[in-house]
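These notes concern the structure reproduced below.
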Amino acid sequence: MKYFKLLFLFAGFLFLTSCGSDDEVKSSVDIPSDFSVEIPQSISANAGGLSGRVSGDGDGVIEGNEIYESLRHFINIGEESAEIIEFTLLVGVALEIQNIRSYTFESEDDEREKRIDITEGVTRGGVSYDYEMTMIDVAANEMALQLLWNNDPVEGFAILKPYNIDRSDQDSEPNALVRIDYSEDDATYDATMIVSIAGIEVVENGDIDNLKMFVGKKGDVVDVRGNSNHPNIEIIDPNFTGGRNYAFVARGDESTDLGVANLWLPPSSVTVNTFEPGDQYSVFKVLEAEINEVANLDQAIIDAILAEALSPAYFNNDGFITSGTDNKPASFSDSFVDLSGMSPFVPNDIKNLEIDFIQ
67 MKYFKLLFLF AGFLFLTSCG SDDEVKSSVD IPSDFSVEIP QSISANAGGL SGRVSGDGDG
127 VIEGNEIYES LRHFINIGEE SAEIIEFTLL VGVALEIQNI RSYTFESEDD EREKRIDITE
187 GVTRGGVSYD YEMTMIDVAA NEMALQLLWN NDPVEGFAIL KPYNIDRSDQ DSEPNALVRI
247 DYSEDDATYD ATMIVSIAGI EVVENGDIDN LKMFVGKKGD VVDVRGNSNH PNIEIIDPNF
307 TGGRNYAFVA RGDESTDLGV ANLWLPPSSV TVNTFEPGDQ YSVFKVLEAE INEVANLDQA
367 IIDAILAEAL SPAYFNNDGF ITSGTDNKPA SFSDSFVDLS GMSPFVPNDI KNLEIDFIQ
């Protein structure tokens with residue numbers, strides 16, 4: 067599936083550690099050490115998977131990997147988008163080393179002039195922040211990055227427009243924006259983040275245009291819930307229109323390399339987020355309905371085709387293991403697979419998701 071690249075070129079910023087600037091000032095910027103939550107590999111992997119049409123194996127069975135690897139891939143897209151902020155923080159550290167609050171340079175990616183500014187004590191959207199770091203494409207006078215944060219406790223957000231970071235990339239997405247909200251001030255989790263992506267160009271069947279997911283970490287366990295929107299997805303029924311969300315809740319444990327997830331495929335127009343395993347939008351029920359639209363099969367045959375499309379689905383670091391309440395592996399505790407306290411977002415909200423820089 068097509069996805070934009072979020073790249074900063076290290077060489078351009080490492081140059082900061084060996085040069086001065088006309089704008090040098092005595093700096094005391096407190097740069098956070100973290101601004102994203104790492105997701106266990108069991109539920110986040112660049113596996114590629116199929117987000118569009120499914121075909122089944124030689125026996126007609128739609129394999130769990132074909133269904134669920136897409137989910138792990140979508141979670142991974144969100145995670146990698148957030149991780150770019152960790153590199154942005156390194157840029158801030160490099161500026162801090164040189165006591166620089168403003169720096170202009172020519173990008174080695176697109177050979178365009180960019181400017182980075184760090185400002186102390188700003189208010190954006192009616193909220194006060196300790197610091198703001200921005201990057202603009204100078205010629206276009208357009209924002210490429212906006213990062214705002216407070217330090218006690220650490221919380222804030224970052225917004226990226228990849229096109230203004232690197233306009234030379236052939237895969238650049240001129241309308242795409244990414245937002246990462248991060249907090250270490252949560253009563254339930256040690257750290258949380260919300261990753262939002264909007265405006266990706268849709269080219270192929272099943273492509274994402276928008277995505278939003280919440281991630282909460284407590285010890286070694288990470289909870290994830292969210293949606294990816296696929297406006298032209300065709301899974302089995304070629305007559306289905308209007309798009310679907312991959313709506314999901316998942317949990318991964320870094321200490322055991324285990325993961326579990328529930329997946330739904332609601333139409334993008336749905337305006338509720340109260341889904342239950344086995345309901346009309348569960349992956350099993352949606353695939354069952356689409357099979358019935360294109361074929362006249364006995365239920366026993368359909369059940370066999372969808373034997374691995376049950377909820378919940380179980381994973382380890384190598385991918386899908388099995389699915390279904392009755393198939394729970396012994397290594398998965400009842401409390402770990404109980405995802406009843408989490409819900410995805412409203413599909414129609416993700417369909418209409420918009421992101422912009424904050425004034």
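Read in my numbering, the sequence shown has 260 at position 194, and its numbers run on one by one without any break.
All C-beta atoms in this analysis are idealised placements derived from N, C-alpha and C, irrespective of residue type, glycine included.
Exercise. So is Gly124 buried or exposed if we call it buried at 16+ other beta carbons inside 10 Å?
Worked result: For Gly124, the pLDDT reaches just 46, beneath the cut-off of 50, and the residue's location in the model is therefore unreliable, although a value from the coordinates is still provided. By the 10 Å Cβ count, Gly124 comes out exposed.
Exercise. Roughly how many whole angstroms lie between the Cα atoms of Gly192 and Phe423?
Worked result: 14 Å
Problem set entry | CB-CB length for Gly292 against Lys278, believed under 8 Å | 5 Å
For this session: Using beta-carbon positions only, say whether Val204 and Tyr195 come within less than 8 Å of one another.
Result: no
Problem set entry | Of the listed residues Lys417, Phe101, Asp275 and Ile421, nearest to Thr258 (C-alpha basis) | Phe101
For this session: May I ask you to list the residues that DSSP assigns as paired with Glu146?
Result: Partner(s): none; Glu146 has no beta bridge.
Exercise. Would you report the Cα separation of Val261 and Pro410, rounded to the nearest angstrom?
Worked result: 13 Å
Problem set entry | With 16 other Cβ atoms within 10 Å as the buried cut-off, status of Thr200 | Under this definition Thr200 is a buried residue.
Exercise. Alpha carbon to alpha carbon, what distance is there between Ser321 and Pro228?
Worked result: 34 Å
Exercise. Among the residues of its own chain, which have a CB less than 6 Å from the CB of Asp176, if the five just before and after it don't count?
Worked result: Asp232, Arg233 and Ser234
For this session: Mark Thr337 as exposed unless 16 or more other C-beta atoms lie within 10 angstroms of its C-beta, in which case mark it buried.
Result: exposed
Problem set entry | Length-filtered (4 minimum) alpha helix (DSSP H) runs lying within the region 199 to 282 | Runs of the alpha helix (DSSP H) lying entirely within the region 199 to 282, each at least 4 residues long, are 228 to 231 in chain order.
For this session: Determine the burial state of Ile166: buried for a count of at least 16 other Cβ atoms within 10 Å of its Cβ, exposed for fewer.
Result: That one is buried.
For this session: Return the residue from the list Ser173, Arg178, Leu211 and Glu174 that minimises the CA-CA distance to Ile184.
Result: Leu211
For this session: Look up Gly130 in the DSSP assignment and say whether it is helix, strand or coil.
Result: helix
Exercise. What is the C-beta distance between Ser173 and Gly318, in whole angstroms, given that I count them as a contact (C-beta under 8 Å)?
Worked result: Contact doesn't hold; Cβ gap of about 36 Å is too wide.
For this session: Report the three-state DSSP secondary structure of Glu104 (helix, strand or coil).
Result: coil
For this session: Tell me, please, which residues DSSP counts as bridged to Tyr380.
Result: Val326 and Thr388
Exercise. Phe26 and Tyr312 look like a contact to me (Cβ under 8 Å); what is the Cβ gap, rounded to whole Å?
Worked result: Here the chain covers residues 67 to 425 and nothing more, so residue 26 does not appear.
For this session: Return the CA-CA distance between Glu420 and Val244, expressed in angstroms with no decimal places.
Result: 10 Å
Problem set entry | Whole-Å CB distance - Ile105 paired with Val220, under 8 Å assumed | Contact doesn't hold; Cβ gap of about 19 Å is too wide.
Exercise. Quick one: Cα of Lys92 to Cα of Gly407, how far?
Worked result: Because the pLDDT of Lys92 is 46, which lies under 50, any placement of that residue in the model is unreliable, and the number read from its coordinates should be weighed accordingly. Their backbone Cα atoms lie some 48 Å apart in a straight line.
Exercise. Under the three-state reduction of DSSP, which class applies to Arg190: helix, strand or coil?
Worked result: strand
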